[in-house]
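These notes concern the structure reproduced below.
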Amino acid sequence: MATRTTMSMQPSSGCQVNRRFRPFTTPSASVNTAHYRRRRLKAVAALQTSNATARYNALWHEFTKRVEGEWEGVTATFNSAGAPQPLPERFVPSAYKEWGVELFDWQSQCSSVIVASGNDGSQLDLRNLLKRLMPRVGCEADAVAFVEEAADVWSADGGGPVKPVAASGSYVAAPAELPAATAAAASTATTDRGSSNSSSTQPKLEFCLASPSSSPSGEQPGSRLRLVLTLAQQGEGGQWQVALAELSRETYDGPFNGGAELSGCAGGSAPFAQQVPTTQQQLAGEWRVRGEVLRYARKEASGLLDLEESEASETKTDPDRKRMSRLDGPGALLLPLGVWVGCDASDADTLMLEVGVLRGETERDLAVCRYKQGRLETVMFATEVK
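In our numbering, each residue carries its 1-based index in the sequence shown increased by 1.
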């Protein structure tokens, strides 16, 4: 860091004094000190930025190792009351209809890969190729029919270079801005994909919470829960509420191959849509943050998210900071697999969204999004214990 030294000298008796020379006085010294203070602050800010960049790059490297690959699983959709939604009739074999059997779970396979994006290809994005395998009666066909969706998960985040991710493979994909209230604000999302729930007036947010790796080295991904929330504006005030929640439970099945190999009728996980949902009793108790809270915040200058300085929970003295979850009480959307969703739009200018999953009786992971005046302000990841 460059420094500047100021020297003050008294002229000797044999020297001609330059009358223009004005020795430093107290006000000038004060201004000079303020100048150096500003330079020091700029230098510290630059160093913090450099450290944050290095920290984020290391975090991103770990994230990519645990998010890329083939993920085999089951996907189900729930409405705003937490009721599982049946599969569209056009995908259900006639035999099930004749037997009066409703299907609620898709066998699915998600192929995740990091790709270059942006006009010049300088940005990185996560692309998910989700295949939903058609329901069958037994193994009546050798070929596996499926419907496929491809999505770059951060396509609506404003194009920032920093994505809200965690080293575990968890991530959040949220639009940088929510659409303004419209005359169609009270429209109701439907469960038939490709219809009104894909409207630009009903934004989607994707939360992925990865479980700790079960491999001896800790390098191989384990399992994860992905939750895609569809929002809709309700009532005269146009408050944002969760209209649909699409939950996928996925297990790592190998390196990325673009879904070239499908699991077939013998693969897949057990259906969960009709399992008992999470209870308020399971979520109750004195929870506190354990370890680091990853916090991404929007910078005023760029309007984009950036990773903030790390703070361990042990250093926080504010009692309110000991617990990050605020929306796990009454009013939370309770889903199977230990999952809950909290949504709070009681403040006209603020929208809070919280997604969490229980890891046994005394541990849980969660991610939180906060919007202010329709703009994404913060994304946070934390683990809580009790």
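Idealized CB from N, CA, C, for every residue including glycine.
- In the displayed model, Ser-303 falls within coil according to three-state DSSP, outside both helix and strand.
- Here Ser-156 is exposed, its C-beta having fewer than 16 other C-beta atoms within 10 Å.
- Each residue's CA atom was taken as its position, placing Pro-136 and Phe-92 some 7 Å apart.
- Here Ala-167 has Phe-64, Leu-295 and Phe-382 as same chain residues with Cβ atoms under 7 Å from its own Cβ, once five neighbours each way along the sequence are excluded.
- Where Ser-112 is concerned, the enclosing beta strand (DSSP E) starts and stops at 107-118.
- Here the stretch 367-378 makes no contact with the stretch 96-115; the two share fewer than three CB pairs at distances below 8 Å.
- DSSP places Asn-258 in the coil class of the three-state scheme, outside both helix and strand.
- By the neighbour-count criterion, in which 16 or more other beta carbons inside 10 Å mark a residue as buried, Lys-300 falls on the exposed side.
- Judged by DSSP secondary structure, Ser-326 falls outside any beta strand (DSSP E); it is assigned neither H nor E.
- Less than 8 Å separates the beta-carbon of Glu-355 from that of Leu-367.
- Per the Cβ contact rule, the stretch 230-246 is in contact with the stretch 76-87 (3 or more Cβ pairs under 8 Å).
- Per DSSP, the beta bridge partners of Ala-368 are Val-356 and Phe-382.
- Following the DSSP letters along the chain, one finds Ser-347 in no beta strand (DSSP E), marked with neither H nor E.
- Where Trp-100 is concerned, there is no enclosing beta strand (DSSP E), although the alpha helix (DSSP H) around it starts and stops at 95-100.
- Annotation: Ser-303 to Ala-346 spans about 26 Å, alpha carbon to alpha carbon.
- The beta carbon of Gln-240 lies closer than 7 Å to those of Gln-234 and Ala-346 in the same chain, with the five residues before and after it left out.
- Annotation: the continuous alpha helix (DSSP H) that includes Gln-283 extends over 281-284.
- A residue is called buried once 16 or more other Cβ atoms fall within 10 Å of its Cβ, and Val-290 is buried on that count.
- Assigned with DSSP and collapsed to three states, Phe-273 falls in coil, not helix or strand.
- Residue pairing of Pro-85 in beta bridges, as defined by DSSP: Phe-79.
- Apart from sequence neighbours up to five positions away, the residues of its chain that approach Gln-276 with a beta-carbon distance below 6 Å are Pro-337, ordered along the chain.
- Per DSSP, the unbroken beta strand (DSSP E) holding Ser-224 starts and ends at 224-235.
- For Arg-137, there is no enclosing beta strand (DSSP E), as DSSP gives it neither H nor E.
- Take Gly-119, set aside five residues on each side of it, and the residues of its chain with a beta-carbon closer than 7 Å to its own are Gly-160, in chain order.
- From the listed residues Glu-309, Leu-352 and Trp-288, the smallest Cα separation to Glu-362 is found for Trp-288.
- By the criterion of a C-beta distance shorter than 6 Å, Glu-364 is surrounded in its chain by Val-386, once the five residues flanking it on both sides are discounted.
- Apart from sequence neighbours up to five positions away, the residues of its chain that approach Pro-331 with a beta-carbon distance below 8 Å are Gln-281, ordered along the chain.
- Here Ala-53 carries a helix assignment [DSSP, helix/strand/coil].
- For Val-166, no beta strand (DSSP E) run applies, since DSSP gives it neither H nor E.
- Of the residues Leu-352, Asp-307, Asp-329 and Arg-360, the one whose Cα lies closest to the Cα of Asn-52 is Asp-307.
- Considering only Gly-70, Pro-222, Lys-66 and Val-154, the residue with the shortest C-alpha distance to Lys-205 is Val-154.
- Distance from Gly-70 to Pro-222 at the Cβ level is roughly 6 Å; contact confirmed, criterion being Cβ atoms closer than 8 Å.
- Excluding its 5 nearest sequence neighbours in each direction, Val-163 has C-beta neighbours in its own chain below 8 Å: Tyr-57, Tyr-297, Leu-305, Leu-306, Asp-307 and Leu-308, listed in chain order.
- Secondary structure note for Asp-121: it is in no beta strand (DSSP E), with a DSSP letter that is neither H nor E.
- Listed as beta-bridge partners of Gln-240 by DSSP are Gln-235.
- Pairing Ala-151 with Gly-259, the inter-Cα distance amounts to about 11 Å.
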